[in-house]
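Under the numbering used here, the residue at position 284 of the sequence shown is numbered 436, and the numbers go up by one with no gaps.
Idealized CB from N, CA, C, for every residue including glycine.
On a predicted model such as this, the values are computed, not experimentally measured, just so you know.
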Amino acid sequence: MIRRMATQDRAIPQFPAGFLWGVSTSAHQIEGAVDLREPSVWDAFTAEPGRVKDGSTAAVACDHYHRRREDVDLLAGLGVDAYRFSISWPRVRTDKGLDFYDRLVDDLVAAGVRPVPTLFHWDLPVFFEEKGGWLARDTASAFAEYVSAVADRLGDRVKKWITVNEPAEHTLFGHALGAHAPGKQLMFDALPAAHHQLLGHGLAVQALRAAGASDIGIANSHGPTWPASQDQPDLEAADFYDLLLNRLFADPVLLGEYPSGLGDLMPGDVAADLKVISEPLDFYGVNFYAPTRVGAPQGEDIEFGGLTIPAELPFSVQEIAGVPVTDFGWPVVPEALTEVLTAFHERYGDRLPPVVITENGCSYDGLDDRARIAYLDGHVRALHKAVEAGVDVRGYFVWSLMDNFEWAEGYAQRFGLVHVDFDSLVRTPKASYAWYRDLLRDQR
């Protein structure tokens with residue numbers, strides 16, 4: 153069935169009945185109120201000069217902690233089915249830390265918006281980092297205890313849960329390259345952080361099941377890896393990059409095994425851990441932004457997408473010629489979303505649960521953000537092509553509801569459907585907010 157959108161003279165495919173439409177945020181990026189929680193690794197990281205490009209911190213951010221009702225009104229006005237937010241582990245560790253999320257969940261339910269919390273979105277309490285962080289196995293066990301406490305408090309109203317967000321990026325940027333918190337530059341010695349995050353995910357699934365949860369997933373980032381050429385060195389480099397960024401974090405969860413050879417590099421009783429890591433899921437979250445063009449190492453550091461890719465890595469990340477880019481410099485290739493989803497469908501078969509796009513979005517400045525509308529329009533269409541190709545896709549979440557603290561970029565990159573003036577904290581819906589609102593109305 154095809155309908156026409158009010159805001160564009162273009163046919164928009166109708167998604168299956170019950171398809172979940174939402175938006176996403178994360179606690180550290182929007183909440184502020186840093187004095188009302190314990191410090192996280194991101195607080196420690198941003199306190200170090202030179203770590204964040206504009207020298208900013210998330211001490212106030214969007215002040216969502218104090219403006220949650222205003223932000224819930226924005227969600228209600230947008231007409232989303234669901235809101236994906238994250239719960240701050242450092243906040244929960246305070247005496248009344250869960251009170252805020254209690255109130256937020258109540259507000260969402262009253263507004264008819266399904267709460268979809270993510271339990272770890274990179275903001276590890278400094279308390280655990282000082283004990284070894286994700287390099288230490290005990291952090292995975294501590295995470296499961298925290299998850300149990302959250303589920304016991306919120307599980308009567310929260311039905312859909314996400315365990316961890318983007319362990320690939322947290323491992324690569326935070327522990328291997330040092331571009332994100334906790335700022336470690338361990339290169340391949342960072343692999344234990346990957347394993348322990350995955351183990352924490354599996355233990356969290358067990359904890360949520362014990363609390364009665366029946367709709368649980370993970371949010372992994374994925375995208376196609378395109379070789380720079382058909383020359384053997386480029387093909388080998390692309391295969392290795394794809395292994396690290398895609399299969400290293402999907403195979404253990406979906407197949408209960410690491411790609412060949414990588415399990416030997418992980419700590420502990422890997423076989424026993426994999427049984428926990430591969431606890432059955434109800435959905436598989438995919439965060440998608442862009443494909444990556446990868447070639448053989450070029451013998452020098454490369455600046456790409458706000459990161460420095462060291463020369464000693466066995467690959468180089470290169471520009472994709474002939475496509476538009478976002479303000480972040482990321483390539484805009486909607487068909488790559490179809491490609492990665494159909495590839496996962498073919499690779500994992502019936503081991504792949506229903507898929508939810510847990511993040512998809514772009515950075516553009518301005519209130520009349522036509523480029524963002526074009527990006528989202530293209531990716532929604534690409535997602536529908538994946539559905540037509542047989543991929544069981546159940547939902548789509550735009551990143552992000554509002555402009556926020558964009559990690560090491562500070563406040564320079566704007567991903568929001570809602571503009572935030574970071575001086576006055578005034579929220580102003582952008583043209584893309586109206587576009588998405590109209591899309592959701594049309595889908596119903």
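| Item | Value |
| --- | --- |
| Per DSSP, what kind of secondary structure is E540 in: helix, strand or coil? | helix |
| What are the partner residues of F549, as DSSP defines its beta bridges? | G174 |
| Start and end of the beta strand (DSSP E) containing H332? | Unbroken run through H332: none, as it is neither H nor E. |
| Could you give the distance in angstroms between the alpha-carbon of V405 and the alpha-carbon of I429? | 6 angstroms |
| For the beta strand (DSSP E) containing H322, list its first residue and its last residue. | Note, H322: premise wrong, no beta strand (DSSP E); alpha helix (DSSP H) at P319 to T323. |
| Please return the same chain residues whose Cβ sits closer than 7 angstroms to the Cβ of L552, not counting the five positions on each side in sequence. | It is Ser, not Leu, that sits at residue 552 in the sequence shown. Closer than 7 angstroms at Cβ, skipping near neighbours: V175, S176, T177, G513, F567 and G568. |
| Under three-state DSSP, which class holds A234? | strand |
| Excluding sequence positions up to five away, which residues of its chain have a Cβ less than 7 angstroms from the Cβ of E321? | S373 |
| Kindly indicate which residue of L591, R445, V545 and A292 has the alpha-carbon position closest to the one of P168. | V545 |
| Let me know the secondary structure DSSP gives L535 once reduced to three states. | helix |
| On the premise that V204 lies in contact with G562, defined as a C-beta separation below 8 angstroms, what is that separation, rounded to the nearest angstrom? | 5 angstroms |
| Ignore the nearest five residues each way along the sequence and tell me which others in L256's own chain have a CB closer than 8 angstroms to its CB. | R220, V224, F237 and P267 |
| Taking the beta strand (DSSP E) that W378 falls in, what are its first and last residues? | T377 to P379 |
| State buried or exposed for S381, treating a residue as buried only when at least 16 other CB atoms are found within 10 Å of its CB. | exposed |
| Hey, could you find the ends of the beta strand (DSSP E) Q358 is sitting in? | No beta strand (DSSP E) holds Q358; the alpha helix (DSSP H) holding it covers L343 to A362. |
| Identify whether W559 lies in helix, strand or coil by the three-state DSSP scheme. | helix |
| If you draw a straight line from the C-alpha of T291 to the C-alpha of G352, how long is it? | 8 angstroms |
| Looking only at C-alpha atoms, which of D304, A262, F325 and Y436 sits nearest to D502? | Y436 |
| Just how far apart, CA to CA, sit V261 and K311? | 11 angstroms |
| Using a threshold of 8 angstroms, state whether the C-beta atoms of Y588 and L528 are closer than that. | yes |
| Rounded to a whole number of angstroms, what is the C-alpha to C-alpha distance between Q565 and H216? | 18 angstroms |
| Given a threshold of 16 other Cβ atoms within 10 Å of its Cβ, counted over all protein chains shown, does E452 qualify as buried or as exposed? | exposed |
| Contact criterion: CB-CB distance below 8 angstroms. Does L395 meet it with respect to chain C? | Here there is only one protein chain, and chain C is not present. |
| Is it the case that the Cβ atoms of L433 and I368 are separated by a distance below 8 angstroms? | yes |
| Just verifying my parser: in three-state terms, what is the DSSP assignment at S293? | helix |
| Nearest to F574 by CA position, among P165, Q181 and R162, is which residue? | Q181 |
| Which residue wins for smallest C-alpha separation from Y500, given the options D403, H531, Q166 and V232? | D403 |
| If I measure Cβ to Cβ from D479 and keep anything under 7 angstroms in the same chain, skipping five residues before and after, which residues do I get? | S515, Y516, D517 and Q565 |
| Can you give me the Cβ contacts of N398 inside the same chain, cut-off strictly under 6 angstroms, excluding the 5 residues immediately before and after it? | H374 |
| In angstroms with no decimal places, state the Cα-to-Cα distance between D590 and F440. | 23 angstroms |
| Can you give me the C-alpha to C-alpha distance between G420 and K283, rounded to a whole angstrom? | 18 angstroms |
| Just the Cα atoms here: how many angstroms apart are I164 and W313? | 29 angstroms |
| I'd like the ranges of any alpha helix (DSSP H) spanning at least 4 consecutive residues and lying wholly in the region 204-268. | 220-230, 241-244 and 249-262 |
| Should T198 go down as buried or exposed, given a rule of 16 or more other Cβ atoms within 10 Å for buried? | buried |
| Answer yes if the region 466-484 comes into contact with the region 325-345, meaning at least three C-beta pairs across the two stretches below 8 angstroms, and no otherwise. | no |
| Is DSSP giving N512 helix, strand or coil here? | coil |
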